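*Asks:* Take a look at this one; I'll ask things after.
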Amino acid sequence: MKLSAVILTVLLVIGALAGGQLLAPVQQASAAPTTIAVNFDGAAGQSCANVLNAEPGLTASGSGPTVINSANAGGSAPECGGYPDQTLTFESSGSEFFSAITFLYHVPGGDGTPRKTVSSGPRRSLGQSASASIQVQLINSISSTIVHSALLTGSGTFSYSGSTFDRVVVTFNGDPFSETESDIDNIVLTLTGGIVGPACGAESSRVNRDPARDCAPPVAVFCQSDGIDIYEIDRETGEGSLLIRLSNEEIDAVGVPVGGNVTLAQVGDVIVSRLTTGEFQVNATAFDGQPYVIIWDACMPTYVDHPGK
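Here the working numbering is used: the first residue of the sequence shown is 7, the next is one more, and so on.
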């Protein structure tokens with residue numbers, strides 16, 4: 007036997023004993039992160055949301071007429087500005103998440119910039135009070151959490167990278183005595199790379215191999231002659247490692263349950279069940295945070311369902 011073959015055999019044996027047997031067939035390429043840049047180069051008076059909706063990968067909405075106006079934030083003119091209590095919300099239009107954001111901002115009055123006063127009602131001297139601000143919230147809508155929040159005053163650059171998010175809410179908290187908007191410009195968002203699968207459905211023994219729905223699954227399910235193997239897929243490399251192995255003896259010991267569905271195995275959020283219909287079901291979490299569920303009838307399956315897809 008050649009030395010290379012001996013080394014390969016030893017590595018496979020060690021991986022199997024450690025419970026980390028690698029799965030080569032589920033190779034899926036990892037897409038590189040991409041960026042989206044917004045410079046608000048529309049006509050003055052146009053809604054900021056309209057400009058964002060023209061950007062690939064973004065959708066936008068506004069509470070109050072946030073509009074494009076003259077430059078203040080220091081980026082390319084014109085820019086996006088908002089009066090008190092106006093909100094601009096934009097989010098990923100696909101299944102990907104953002105991992106970073108940066109933009110320029112300018113808040114009048116907070117950095118010594120003179121401000122106008124209203125022509126009627128209570129008056130204040132120019133530059134008095136620094137109550138204006140811009141609030142930024144980065145939200146993960148899947149987990150319903152605010153991953154980062156900031157209150158901006160003066161002028162500068164806002165930057166964040168870290169926990170992924172799919173929604174950005176910018177609220178302009180203005181001074182009610184000022185006619186000057188706060189402004190933002192030069193937004194750059196980084197989209198996470200995700201997984202693309204050039205060989206989706208290529209594994210004949212893989213249960214979840216539908217090219218339309220299983221190109222980047224969180225798990226790969228295989229019917230083997232001696233049972234069922236569940237492999238966990240690494241999002242970055244696309245490689246799989248053995249997570250759950252169910253022997254035919256373990257499956258037969260449960261049989262077809264009568265009183266209710268039975269959990270055959272669970273590791274983390276991956277659950278394998280036997281249903282009262284005799285079918286098998288795997289529950290997991292997809293890379294975008296959505297539930298991933300497959301149901302099949304037998305090994306080898308004559309059908310595979312994807313509830314919710």
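C-beta: ideal position from N, C-alpha, C; glycine also.
Quantities reported herein were computed from a predicted structural model and do not represent experimental measurements.
Could you please give me the residues that DSSP links to F178 through a beta bridge?
*Replies:* DSSP, once it has assigned bridges, lists Q92 and I140 as partnering F178.
*Asks:* Between the region 265-277 and the region 162-181, do at least 3 Cβ pairs fall closer than 8 Å?
*Replies:* Contact between the region 265-277 and the region 162-181 is absent, because fewer than three Cβ pairs lie under 8 Å.
*Asks:* Determine the DSSP secondary structure at L281, reduced to helix, strand or coil.
*Replies:* Residue state, collapsed to three classes: coil.
*Asks:* Give a yes or no on whether the C-beta atoms belonging to C67 and A49 are separated by under 8 Å.
*Replies:* It should be noted that the sequence gives Ser, not Cys, for residue 67. Result no, Cβ atoms of S67 and A49 do not sit closer than 8 Å.
*Asks:* Are C86 and T95 closer than 8 Å when you measure CB to CB?
*Replies:* No, Cβ-Cβ distance for C86 and T95 is not below 8 Å.
*Asks:* Measuring straight from C-alpha to C-alpha, what distance separates G25 and G246?
*Replies:* At G25 the pLDDT is 43, less than 50, meaning the model places this residue with poor confidence; the figure from the coordinates comes in the next sentence. Near 12 Å, if we compare the C-alpha coordinates of G246 and G25.
*Asks:* Can you name the start and end residues of the alpha helix (DSSP H) that C54 belongs to?
*Replies:* That run of the alpha helix (DSSP H) goes C54 to N59.
*Asks:* Give the range of the alpha helix (DSSP H) segment to which D258 is assigned.
*Replies:* Here the alpha helix (DSSP H) through D258 covers N254 to V260.
*Asks:* Can you tell me the Cβ-Cβ gap for D275 and A290, rounded? I've got them flagged as a contact below 8 Å.
*Replies:* D275 to A290, Cβ: 6 Å. Contact.
*Asks:* V73 by DSSP, collapsed to three states: which one?
*Replies:* Note: V73 maps to strand in three-state DSSP.
*Asks:* Helix, strand or coil for C323 per DSSP?
*Replies:* The structure shown does not extend to residue 323, since the chain is modelled only from 7 to 315, so the question has no answer here.
*Asks:* So for F103, helix, strand or coil by DSSP?
*Replies:* The answer is coil: DSSP assigns F103 none of H, G, I, E or B.
*Asks:* Is any beta-carbon of chain C found at less than 8 Å from that of V73?
*Replies:* Here there is only one protein chain, and chain C is not present.
*Asks:* Over the uninterrupted beta strand (DSSP E) stretch that includes T291, give me the two end residues.
*Replies:* It spans F286 to T291 - the beta strand (DSSP E) in which T291 sits, taken as one unbroken run.
*Asks:* When DSSP labels each residue in this structure, what does T269 get in the three-state scheme?
*Replies:* Of the three classes helix, strand and coil, the one that applies to T269 here is strand, per DSSP.
*Asks:* If you check the beta carbons only, do Q198 and S105 fall under 8 Å apart?
*Replies:* Reading off the sequence, residue 198 comes out as Thr, not Gln. Contact: yes.
*Asks:* Look at the Cβ atom of P90, then the Cβ atom of F178, and state whether they are nearer than 8 Å.
*Replies:* Yes, Cβ-Cβ distance for P90 and F178 is below 8 Å.
*Asks:* Can you check DSSP and say which residues form a bridge with L110?
*Replies:* Answer is T163 and D191, bridged to L110.
*Asks:* Are the beta-carbon atoms belonging to S161 and V113 less than 8 Å from one another?
*Replies:* Result yes, Cβ atoms of S161 and V113 sit closer than 8 Å.
*Asks:* Taking just the CA atoms, how far does R280 sit from I250?
*Replies:* The straight-line gap from Cα to Cα measures roughly 15 Å.
*Asks:* So, at 7 Å on beta carbons, what are the nonlocal neighbours of T196 in its own chain, with the 5 sequence-adjacent residues on each side left out?
*Replies:* Around T196: P39, T41, F104, S105 and A106.
*Asks:* Would you report the Cα separation of T151 and N192, rounded to the nearest angstrom?
*Replies:* Roughly 26 Å between the two C-alpha positions.
*Asks:* Once DSSP output is grouped into helix, strand and coil, what is the label at A222?
*Replies:* A222 falls in the coil class under three-state DSSP.
*Asks:* Quick check on Q92: buried or exposed, where buried means 16 or more other Cβ atoms within 10 Å of its Cβ?
*Replies:* With 16 or more other Cβ atoms within 10 Å, it is buried.
*Asks:* Do you know offhand how far S69's Cα is from N75's?
*Replies:* So the two alpha carbons sit approximately 17 Å from each other.
*Asks:* Based on Cα-Cα distance, which residue from M306, D220 and D189 lies nearest to F46?
*Replies:* Cα-wise, what sits closest to F46 is D189.
*Asks:* Report yes if the C-beta distance between V278 and V262 is below 8 Å; otherwise report no.
*Replies:* No. Outside cutoff.
*Asks:* Using 10 angstroms around the beta-carbon of N322, count the other beta-carbons present and answer buried if the total reaches 16, otherwise exposed.
*Replies:* Outside the shown range of the chain, which is 7 to 315, sits residue 322, and nothing can be said about it.
*Asks:* When the Cα atoms are used, what is the spatial distance from V142 to A292?
*Replies:* C-alpha separation (whole angstroms): 28 Å.
*Asks:* Mind checking whether S139 and L157 have CB atoms under 8 Å apart?
*Replies:* Against a cut-off of 8 Å, the Cβ pair of L157 and S139 comes out as a contact.
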